[in-house]
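What follows is a set of notes on a single structure, which appears directly below.
Protein chains: 2
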Amino acid sequence: MKEGPDIAYIAALIGDPARANMLTALMSGKALTVSELAEEAGVTIQTASSHLSKLDAGGLLRPRKQGRHKYFSLASDEVAHVLEGLMGLAAGSGHLRRRTGPKDAELRQARVCYNHLAGDMGTQMFDSLIARGHLGFDGEQLVLTDTGAAFATDFEIDIDSLRKARAPLCRECLDWSERRSHLAGSLGRAFLTRFEELSWAKRDQKTRVVSFSRDGIRAFHNLFPTGPLPVGG
Amino acid sequence: MKEGPDIAYIAALIGDPARANMLTALMSGKALTVSELAEEAGVTIQTASSHLSKLDAGGLLRPRKQGRHKYFSLASDEVAHVLEGLMGLAAGSGHLRRRTGPKDAELRQARVCYNHLAGDMGTQMFDSLIARGHLGFDGEQLVLTDTGAAFATDFEIDIDSLRKARAPLCRECLDWSERRSHLAGSLGRAFLTRFEELSWAKRDQKTRVVSFSRDGIRAFHNLFPTGPLPVGG
DNA sequence: TGAATGCTTCGACTAAGGTCGAACCATGAA
DNA sequence: TTCATGGTTCGACCTTAGTCGAAGCATTCA
C-alpha cells in the first residue's frame, strides 16, 4: 500500500540464509556453477537451483550457460555495492555469522571484496596511499592525486584507460572486519590484479582468502609503507 | 556455515513488507511514532511494535522516548544509503510496489530522499550543476568545484561548516525513478533546506512528496537552468 | 545408443514467523 | 484517583516458503 520501489522484495531475496551465502560467495567476483553454489550454501542442488532462479528473476544475478554448466555471477557493481553495505550494517550490529576456524583470521588479514583487496592489508594499503598523498579527500570524497596517478603508472597500471571506463576509479569501501576504509573501484581492482600478476599473492578459489607469499608481503610493505614518513617523502 | 558478517539477518529484517514500508517512510529523515509507522505499514499497533523492536535490535533504528511517545528514526546515513541502494535494485528489476493514484506521478517529480531532493527535479538540479561546472568528476568521483562553492555560498549555504562535519559533502545518489543521478550528501540536504526556508517548496508530512509553489518552480529553474548555456556562461 | 553428469521440475512435508485480539504497563491530564 | 492515550507482551492461528526425494531434461562422452 504505497509508492516507490518494492524494496522488501529484493531484501527478502537477500534475506534467506542460503541465498545470502551464495551472494557472499559471488562477492569474490568469480562466476560459480549451480553445484558450487549449492555446496557454498550448504543445501542440495535442487534447492540451490530454486534459489538461483529466484535471485535471477530478481535481477541480482547474471547467468551464463556453457555446455552443461550454468555459471552465475553478480549482475552488476550496484548489486555488489548493496551487499557490501549490508555487510557493514551486519558487522556494525555485531552480527557475525560465526567465528569458527582459522579461516576467519585469514579473512581478516586479506580477502577479496568483489575483486579488490580488503581486510587488514587492504586498510594498510589505503592508509599508506593517503599518508603519501597519493589519495586525497575532497570534502570526504576520495580522489586520486597527480602523484598518485604517477605512482600507479610506475606500478604499471594504465590509469588513462581506467579513467575512460564507466566504472568509478576509486571508491572508499568500509571494511566490516576493520571498521575502516579500504580502496575499491577500478583502481582497487587494478592493484589486486597486479599483485597476482607479480605473484605477490594469490586468491583461494573457495574462501575469498588472499594469501601473500613471503616475498609478496615484503614487497607489499615496501610499496605501501605505513611507518613514519622519511624526510621529504 | 561460513565466514563474514551475517548479511541475511539484516536483509531479512528489511525483507518483510511491513518493516520495509516503515523504513521507506523513515527515509524522509523524520522521526515517526509507533502509531504513525503502524499506519504507514498498514498493520495494527501490536505488530508494528513487534517489528520495530526487531529493527531496533538489528541496529537499523534509533529510538527516542518523549513523554508517552516513542519516536523512531533511521540509525545512520549508512542505513539510508543501503536502503537507497535496494530501491535502485528494485526499480531496476522493474519491481515497483504499485502504480496507483496520482501520488506516484508527484513522487517522480520531486520527493525527499533522506533529506535531500530526488525525482525529476533532483536530477535537473544535478544536471545543471554539472553543466555549469559547479560539480565535477574526478574519475567518476563527485566533487564540488571552486565556482560551485562560490555558487552555494551565494545561495547562503555555509560550505565551510559543512566541510568540517564528518558527513560527506556531496555524494552521487542513483535515482530509482529517473535511473539517473542526483545530489546527496550534506550539500544536497542544505539545498533542500534552503528551498524550504525560502518557501519555494514544502514537504508533505506523510508521503515524501515535495511540492513546489509556482514561484518556487520559477525560481528553481532560474537558479538551475537546464537549457543551452548562455554565451560565456 | 547408452551411460554419466549437470541442472530443473514436481510434490509433499515442515518449520518459521507474521498477524491480530486481549490483557497489561506507563505516562499524562483532569 | 480516575480516565484516556500510547506502547508492549502474550497466546493462538495460519499462511508462506524453504527443504529434500524422486523423476525428468539436456548435454557431453564413449
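Protein chains in written order, with the working numbering: chain C, 824 to 1056; chain U, 824 to 1056.
The beta carbon of each residue, even a glycine, is placed where N, CA and C say it ideally should be.
Using a beta-carbon distance below 7 Å, is residue i in contact with chain C?
i	result
Ile-833/U	yes
Leu-1015/U	no
Ile-868/U	no
Pro-886/U	no
Val-905/U	yes
Ile-953/U	no
Leu-1046/U	no
Ile-837/U	yes
Ala-861/U	no
Which one or two residues does DSSP pair with residue i in a beta bridge?
i	result
Leu-855/U	Phe-895/U
Gly-959/C	Val-966/C
His-939/C	Cys-936/C
Leu-1006/U	Glu-995/U
Val-1032/U	Arg-934/U
Lys-987/U	The partner list for Lys-987/U (beta bridge, DSSP) is empty, contrary to what the question assumes.
Ala-864/U	Partner(s): none; Ala-864/U has no beta bridge.
Ala-1024/C	Phe-1035/C
Going by CA-CA distance only, name the one from the options that's closest to residue i.
i	options	result
Phe-1035/C	Asp-950/C, Ile-830/C and Gln-932/C	Gln-932/C
Gly-801/C	Arg-934/C, Glu-929/C, Ser-858/C and Arg-1041/C	Since the first residue of chain C shown is 824 and the last is 1056, residue 801/C is not available in this structure.
Ala-1024/U	Met-944/U, Thr-968/U and Ala-988/U	Met-944/U
Gly-942/C	Arg-1031/C, Asp-839/C and Arg-842/C	Arg-1031/C
Gln-894/U	Asp-900/U, Val-866/U, Ala-903/U and Ala-861/U	Note on identity: in this sequence residue 894/U is Tyr, with Gln being the wrong assignment. The candidate whose alpha carbon is nearest that of Tyr-894/U is Ala-861/U.
Ala-913/U	Lys-853/U, Gly-882/U and Ala-843/U	Ala-843/U
Gly-881/C	Thr-856/C, Thr-968/C, Ile-837/C and Ile-868/C	Ile-837/C
Phe-1043/U	Ser-951/U, Ala-871/U and Gly-956/U	Ser-951/U
Asp-852/C	Ile-953/C, Glu-901/C, Glu-929/C and Ser-984/C	Reading the sequence as shown, one finds Gly at residue 852/C and not Asp. Closest by alpha carbon: Glu-901/C.
Glu-995/C	Asp-977/C, Ile-953/C, Ser-873/C and Gly-1039/C	Ile-953/C
Thr-847/U	Ile-868/U, Leu-878/U, Asp-829/U and Thr-867/U	Leu-878/U
Phe-813/U	Arg-1017/U, Lys-987/U and Ala-990/U	Outside the modelled stretch of chain U, which goes from 824 to 1056, sits residue 813/U, for which no answer is possible.
Glu-907/U	Val-866/C, Pro-886/C, Ile-868/C and Asp-829/C	Asp-829/C
Ala-1013/C	Ala-975/C, Leu-1046/C, Phe-1047/C and Arg-1037/C	Ala-975/C
Gly-911/C	Thr-970/C, Cys-936/C and Ala-988/C	Cys-936/C
Given a cut-off of 7 Å, decide if residue j and residue i are closer than it, judged by their beta-carbon atoms.
i	j	result
Leu-909/C	Ile-833/U	yes
Leu-1006/U	Phe-949/U	yes
Ala-1060/U	Met-850/U	Here chain U comprises residues numbered 824 to 1056, so residue 1060/U is not present and cannot be evaluated.
Pro-840/U	Ala-831/C	yes
Ile-982/C	Ala-972/C	yes
Phe-1015/C	His-939/C	The question names Phe, but residue 1015/C in the sequence shown is Leu. A contact, by the Cβ cut-off of 7 Å.
Ser-899/C	Ala-854/C	no
Val-966/C	Gly-956/C	no
Val-1033/C	Arg-1041/C	no
His-892/C	Thr-870/C	no
Ser-1061/U	Leu-985/U	Residue 1061/U is absent from the model: chain U starts at 824 and stops at 1056.
Gln-889/C	Thr-1049/C	no
For the ligand ATP, any of its heavy atoms closer than 6 Å to the Cβ of residue i?
i	result
Gly-956/U	The ligand ATP is absent from the structure shown, which contains no ligand whatsoever.
Counting only beta-carbon atoms, is residue i nearer than 7 Å to chain U?
i	result
Ser-916/C	yes
Val-935/C	no
Met-944/C	no
Ile-980/C	no
Ile-830/C	yes
Ala-972/C	no
Leu-878/C	no
Ala-913/C	yes
Gly-1039/C	no
Gly-882/C	yes
Gly-908/C	yes
Ala-975/C	no
Pro-925/C	Any reading at Pro-925/C must be qualified, since the residue scores a pLDDT of 44, below 50, and its modelled position is unreliable; the value itself is stated next. No, because no Cβ of chain U sits closer than 7 Å to the Cβ of Pro-925/C.
Ala-843/C	yes
Cys-996/C	no
Checklist entry - What alpha helix (DSSP H) runs, 4 residues minimum, are completely inside the stretch 869 to 930 of chain C? => result 900 to 915
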